[in-house]
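Below is one structure, written out as structure tokens, with a few remarks after it.
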Amino acid sequence: MSSSCSQCGANFSSDDTCQDRFNLSQFKELEQPAYYAVHHLSVACYLLQHNAYSRDGWLAVRELLFQFVSMGLTPAMARRQNQVRFDNGKRKQSLTKGIKLPDVEKIAWSCTIADVRLDSAELYCADVHHWAESILADSEGLIRTIEYLP
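Each residue of the sequence shown is one higher than the last, beginning at 71 in this note's numbering.
Spelled out as structure tokens, the structure:
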């Protein structure tokens, strides 16, 4: 039996779900450090595609993903750069609770977690990098339509 995700359009040849695949990928990352090397990308990709962030959270994490992919930002640099901004105790708004960014569900995602291979760390890392790049490209049209408020 095959299944399809209503949020991101991922297609599975079995009755797997995106959540199942994501959980499996996170277990691999925790068990094997070579997989964990792209944790900062895999979580952002999954949550962006499934619109799990609040509007402001979605925009902030997409910008962070852009910096990781296009500007060479490392997780350590991101932690230092955003220590106060994302600190749960000091943050004024939730990254996940609140109004969602409209029209995320209208994006035709060219790559989803269903396309990420778990066979080896090398394949996994390459696929997660590709996934991150595709999310940036696929969401560019939406980003251009957003009015940023001060």
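From the three backbone atoms N, C-alpha and C, an ideal C-beta is built for every residue, glycine too.
- For SER164, the closest of TYR123, CYS78 and LYS98 by C-alpha to C-alpha distance is TYR123.
- Check the Cα spacing between GLY168 and each of TRP128, TYR194, MET71 and SER83: the tightest is with TRP128.
- Shown here for PHE92: same chain residues with a beta carbon closer than 7 Å to its own, the five before and five after excluded, namely TYR116 and ILE183 in chain order.
- Sixteen is the threshold: since fewer than 16 other Cβ atoms of the shown chains lie within 10 Å of the Cβ of ARG149, the residue is exposed.
- Secondary structure in the stretch 94-167: the alpha helix (DSSP H) runs of 4 residues or longer, each lying completely within the stretch, are 103-106, 109-119, 125-141 and 145-151 in chain order.
- The C-beta distance from HIS110 to PHE136 rounds to 13 Å, too long to fall under 8 Å, and the pair is not in contact.
- If you look at CYS195, you'll find it in the alpha helix (DSSP H) that goes 191-215.
- A residue is called buried once 16 or more other Cβ atoms fall within 10 Å of its Cβ, and ARG187, having fewer, is exposed.
- Listed in chain order, the non-local C-beta contacts of ALA114 below 6 Å within the same chain comprise VAL131 and LEU135, local neighbours out to five positions each way being set aside.
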